[in-house]
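Let me begin by presenting the structure, written as structure tokens, before commenting on it.
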Amino acid sequence: MRDLWQGMIEAFWLIASFNADLYEIVLRSLQVTVTAVIIASAIALPLGAALAVNRFRYRRATISLLNALMGLPPVVVGLFVYILLSRSGPFGVLGLLFTPTAMIIAQIIIITPLIASIAHQAIRDLWASYHDLLISMNTTKWQRMRTLIWDARRSLITASLAGFGRAIGEVGAIMIVGGNIDHLTRVLTTAIALETGKGDFSLALGLGFILIALAIAVNMAIHAISRTERASTW
Amino acid sequence: MVASILPLTLTDATVRKGGKTIIGPMSETIGPSGFTIFMGPNGSGKTTLLRLMHGLEHPRGGSVTWQLPAAQARMKQAFVFQTPVMMRRTVVENIAYPLRVRGEAKNWAYAEAARWADIIGLGNALEQNAEVLSGGEKQKLAVARALIVQPEVLFLDEPTANLDGKATREIEGILLAAQADGVRILMATHHLGQARRLASDIIFLYQGQVHERAAAEEFFNTPRTPESKSFLSGDIVE
Numbered sequence: 003m004r005d006l007w008q009g010m011i012e013a014f015w016l017i018a019s020f021n022a023d024l025y026e027i028v029l030r031s032l033q034v035t036v037t038a039v040i041i042a043s044a045i046a047l048p049l050g051a052a053l054a055v056n057r058f059r060y061r062r063a064t065i066s067l068l069n070a071l072m073g074l075p076p077v078v079v080g081l082f083v084y085i086l087l088s089r090s091g092p093f094g095v096l097g098l099l100f101t102p103t104a105m106i107i108a109q110i111i112i113i114t115p116l117i118a119s120i121a122h123q124a125i126r127d128l129w130a131s132y133h134d135l136l137i138s139m140n141t142t143k144w145q146r147m148r149t150l151i152w153d154a155r156r157s158l159i160t161a162s163l164a165g166f167g168r169a170i171g172e173v174g175a176i177m178i179v180g181g182n183i184d185h186l187t188r189v190l191t192t193a194i195a196l197e198t199g200k201g202d203f204s205l206a207l208g209l210g211f212i213l214i215a216l217a218i219a220v221n222m223a224i225h226a227i228s229r230t231e232r233a234s235t236w
Numbered sequence: 033m034v035a036s037i038l039p040l041t042l043t044d045a046t047v048r049k050g051g052k053t054i055i056g057p058m059s060e061t062i063g064p065s066g067f068t069i070f071m072g073p074n075g076s077g078k079t080t081l082l083r084l085m086h087g088l089e090h091p092r093g094g095s096v097t098w099q100l101p102a103a104q105a106r107m108k109q110a111f112v113f114q115t116p117v118m119m120r121r122t123v124v125e126n127i128a129y130p131l132r133v134r135g136e137a138k139n140w141a142y143a144e145a146a147r148w149a150d151i152i153g154l155g156n157a158l159e160q161n162a163e164v165l166s167g168g169e170k171q172k173l174a175v176a177r178a179l180i181v182q183p184e185v186l187f188l189d190e191p192t193a194n195l196d197g198k199a200t201r202e203i204e205g206i207l208l209a210a211q212a213d214g215v216r217i218l219m220a221t222h223h224l225g226q227a228r229r230l231a232s233d234i235i236f237l238y239q240g241q242v243h244e245r246a247a248a249e250e251f252f253n254t255p256r257t258p259e260s261k262s263f264l265s266g267d268i269v270e
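Protein chains in written order, with my numbering: chain A, 3 to 236; chain B, 33 to 270.
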């Protein structure tokens, strides 16, 4: 209990004292995660729409695989990306290992199936009610997908936020591919892991509270901007 | 002179679902003018027949052919469903949608949509969420959304089912105006009164077949089959 109180005090003090290291870590966490969420959403949302609208031979198997990949172990993803980006790997020449870019790549791999799967569910339900109307209007498949993504946008924001929640709290993969290098690849989660390892539970808890507050603040901001609760059934 | 998609010809058209024949085999021709009403008891195939003609159902056997190729013919048709589908958009965006997917400029499409919204009495609700409209308003919006593309043929599947008298009268007024503008209307309905008010000719369906086809006056005054006689006298036809 004492550690908890001390953690809260530590968190408050870190924020109130404008600790430069803390703000650097927070900004890097946001930069890596937001970039990963934007890129993953750009891939996952059309993928979810395409799976809802198109009928093809291995559609069911693809959806099952996508659902299964939601539970992809981050450490395994980290290892996979590490091998690809290491000096001896196929993309070693790019020199991306132990950079924020490597962390973004790992996060994209982890959250794309999650966002795509949730998006597919939301768009599939909307497609069920729009199906006859859009076919009747002679829309192309591309127009159908665009319409469904736009009209399901509020549900899709939730899908992207789920991806954000998973990415911002991720530690295993980004520790492997980022290396937790101070002033370069250290983010909130890897900093928490480091301070816990050092036995500084107060600081680790303080960072943890900041991480939670950050995740809640981003979610609330997105909901406020997108007015998810103001448009009744939308 | 714009080429007409009519007549529509059904040749031994058959629709089967779950091993059961819903329609046909049916051979009929739908000519270029009039207000045709499809009547018949529940399960007689009214909705399926409209969907078949519009291309939402594919014939298991036979064919459904328009005067123009199917893709061109589809562009000159519109369909109003029994339960209006409201897109998660505003009133003006809903009405303008068919024009936007046809590549029309946004400003022009929205101006046209606003004009149609005025016609159906929703001129003051342009920016309102269409999903919170009343049942009658939704159906009027659906009719406007269908008519905005100036279809040659308009299909309506019981558009006034579940609506009150006022909304029904308003929709009938819009449909009669559309017919006067040259729109060929093919509509399914259960309401005998509505059929009497609107129809130029009646197609009476029974067990997936055209049981009787006649001019409206002739059908109502001198029905030829026992089933249509029973239907018109209010008896239960199974």
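Note that beta-carbon positions come from the ideal geometry of N, C-alpha and C, so glycine has one too.
Distance from the CA of valine 133(B) to the CA of proline 101(B), rounded to the nearest whole angstrom, comes to 20 Å.
Using a 10 angstroms sphere on the CB of aspartate 153(A), the tally of other CB atoms reaches 16 or more, which defines it as buried.
Residue range 190-200 is occupied by the alpha helix (DSSP H) that includes lysine 200(A). If you look at isoleucine 54(B), you'll find it in the beta strand (DSSP E) that goes 52-62. Counting only Cβ-Cβ distances below 9 Å, serine 228(A) has no contacts in chain B at all, with the closest Cβ about 13 Å away. Glycine 240(B) and isoleucine 55(B) do touch by the CB rule: their CB atoms are close to 5 Å apart, below 8 Å. In the displayed model, threonine 97(B) falls within a strand according to three-state DSSP.
Residue contact with chain B for methionine 222(A): absent (no Cβ-Cβ distance below 8 Å to any residue of chain B).
At least one CB of chain A lies nearer than 8 Å to the CB of histidine 86(B). Per DSSP, histidine 90(B) is not a residue of any beta strand (DSSP E), being assigned neither H nor E. DSSP, reduced to helix, strand and coil, places arginine 245(B) within a strand of the structure shown.
Taking a beta-carbon distance threshold of 8 Å, leucine 158(A) does not count as an interface residue toward chain B.
DSSP, read as helix, strand or coil, puts phenylalanine 93(A) in coil. Remark: C-beta atoms of aspartate 189(B) and leucine 82(B) approach each other more closely than 8 Å. Here alanine 38(A) really is in contact with isoleucine 113(A); their C-beta atoms are around 7 Å apart, less than 8 Å. Isoleucine 65(A) is positioned such that its CB atom lies no closer than 8 Å to that of histidine 133(A).
Annotated as distal: isoleucine 137(A) and serine 31(A), with beta-carbon spacing of 8 Å or more.
Look at the segment 115-192 of chain B and you find these whole runs of alpha helix (DSSP H), each 4 residues long or longer: 123-133, 138-151, 167-179. Within the segment 117-132 of chain B, the residues whose Cβ lies closer than 8 Å to some Cβ of chain A are Val117, Met119, Arg120, Arg121, Tyr129, Pro130, listed in chain order.
Sequence-distant partners of arginine 106(B) (beyond 5 residues in either direction) whose C-beta falls short of 7 Å from its own C-beta, in its chain, are Gly87.
Below the 7 Å Cβ cutoff, chain A contributes Ser138 as neighbours of phenylalanine 111(B), in chain order. Secondary structure at aspartate 233(B): strand, using DSSP grouped into helix, strand and coil.
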